[in-house]
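Heads up: the sequence shown begins at 0 in numbering that gives the first Met the number 0, then just goes up one per residue. We treat Cβ as the ideally placed atom computed from N, Cα and C, and that holds for glycine. Read through the structure below, which is laid out as structure tokens, and then see the notes.
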Amino acid sequence: MNIRGFIFDLDGVITDTAEYHYLAWKKLSDDNGWNFDRELNEKLRGVSRLDSLQIILNHNDVELEFEEKDRLANLKNVNYVQMLQKVTSADLLPGVKEFLIELREKGFKTSVASASKNADLVLTNLEAKGLFDNISDGNSVENSKPAPDVFVHAAGSIGCTAKECIVVEDAEAGVAAAKLAGMKVIGLGAEETLGKADFIFKGIYEINLDDIIKRI
Ligand code: B16
Ligand code: MG
Numbered sequence: 000m001n002i003r004g005f006i007f008d009l010d011g012v013i014t015d016t017a018e019y020h021y022l023a024w025k026k027l028s029d030d031n032g033w034n035f036d037r038e039l040n041e042k043l044r045g046v047s048r049l050d051s052l053q054i055i056l057n058h059n060d061v062e063l064e065f066e067e068k069d070r071l072a073n074l075k076n077v078n079y080v081q082m083l084q085k086v087t088s089a090d091l092l093p094g095v096k097e098f099l100i101e102l103r104e105k106g107f108k109t110s111v112a113s114a115s116k117n118a119d120l121v122l123t124n125l126e127a128k129g130l131f132d133n134i135s136d137g138n139s140v141e142n143s144k145p146a147p148d149v150f151v152h153a154a155g156s157i158g159c160t161a162k163e164c165i166v167v168e169d170a171e172a173g174v175a176a177a178k179l180a181g182m183k184v185i186g187l188g189a190e191e192t193l194g195k196a197d198f199i200f201k202g203i204y205e206i207n208l209d210d211i212i213k214r215i
């Protein structure tokens with residue numbers, strides 16, 4: 000199949016906002032007397048804000064009404080958004096800018112597909128919006144990863160079918176979502192969590208575009 004589009008996850012692929020998510024969830028957990036550590040934070044990769052809170056509550060055997068969960072998730076987000084002020088173009092991960100420039104020079108369409116509702120702000124601070132033809136994020140669809148919706152939305156927005164797209168993802172939930180959408184996946188990270196991906200690399204800097212296209 001002819002590949003025409005590349006769809007990128009944001010956190011863990013374009014930049015690493017996981018540390019800020021960690022610090023914001025840690026503060027909320029400390030303020031509420033819940034246990035929260037870096038191991039649990041890893042389980043929140045690619046998972047939506049409310050689903051992330053639910054994972055922390057389950058871990059602590061805490062049950063709350065929806066309104067209270069909504070309030071706490073908003074509190075975490077206010078703190079997280081404040082930290083995002085520190086993000087600059089220096090926070091683009093290695094090889095990202097070069098790879099996106101190469102893709103566009105070679106005529107591929109590019110899109111973001113993130114679970115985050117702050118994707119626009121992150122990409123603005125990274126000065127990276129101009130590298131993408133489209134941004135699909137947590138505001139674009141109802142069901143978050145591992146549902147395929149955000150990838151389907153991204154593909155449609157750049158005028159491609161699922162089979163014409165390759166997804167770049169760092170999270171298990173994201174790989175599962177892209178596979179459900181019927182797309183090829185490049186996983187970035189460890190084989191234990193990304194085993195379902197078609198290719199696995201450490202980072203975008205390791206991807207050889209011509210080689211991938213030949214092997215698809
Ligand atoms: P927000 P991605 C995801 O981004 C993060 O990996 C995940 O940790 C976060 O909870 C989620 O976005 C929602 O983010 O609170 O900003 O809406 O990896 O899908 O780009
Ligand atoms: Mg991610």
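So ASN34 packs on ASN59, CB below 8 Å; how close in whole Å? With 8 Å as the limit, ASN34 and ASN59 qualify as a contact, their Cβ atoms being about 6 Å apart.
For ligand 2, any of its heavy atoms closer than 7 Å to the Cβ of ALA170? yes
May I ask whether a heavy atom of ligand 2 can be found less than 7 Å away from the beta carbon of ASP8? Yes, the Cβ of ASP8 comes within 7 Å of a heavy atom of ligand 2.
State the Cα-Cα distance for the pair GLU163 and ASN124, rounded to the nearest angstrom. 30 Å
With DSSP as the reference, identify every bridge partner of GLU168, one or two as the case may be. In the DSSP output, where bridge partners are listed per residue, GLU168 has GLY186.
Best match in ASN1, ASP8, PHE131 for proximity to ASP169 [C-alpha to C-alpha]: ASP8
DSSP state of SER28 mapped onto helix, strand, coil: helix
Buried or exposed, going by whether 16 or more other CB atoms sit within 10 Å of the CB of GLU62? exposed
Could you tell me whether the Cβ atoms of ALA114 and SER47 are closer together than 8 Å? Judged by beta-carbon spacing, SER47 lies within the 8 Å limit of ALA114, meaning their Cβ atoms are closer than that value.
In the structure shown, what three-state DSSP assignment does LEU91 receive? strand
How about ILE157 and ASP136: do their beta carbons lie closer than 8 Å? no
Can you tell me which residues form a DSSP beta bridge with LYS108? GLY4
Local Cβ density within 10 Å of THR87, reported as buried at 16 or more and exposed below that: Exposed is the call here.
Judging by CA-CA distance, which residue of GLY181, LEU187, ARG70 is the nearest neighbour of GLU171? Nearest C-alpha to GLU171: LEU187.
Closer than 7 Å by C-beta to LEU71: which residues in its own chain qualify, once you throw out the five before and the five after it? Chain order, please. If we look at LEU71 and ignore the five residues flanking it on each side, its Cβ neighbours are LEU27, LEU52.
I'd like to know whether the C-beta atoms of THR192 and VAL121 end up nearer to each other than 8 Å. no
For ligand 2, is there any heavy atom lying closer than 7 Å to the beta carbon of VAL12? yes
Among TRP24, ASP50, LYS42, ARG37, which has the Cα closest to the Cα of GLU141? ASP50
Distance between GLY94 and ALA161 (C-alpha atoms, nearest Å): Roughly 25 Å separates the two Cα atoms.
Using DSSP with H/G/I as helix, E/B as strand and the rest coil, what is ILE215? Residue state for ILE215 is assigned as coil, using DSSP reduced to three classes.
Quick one: what does DSSP say THR14 is sitting in, helix, strand or coil? strand
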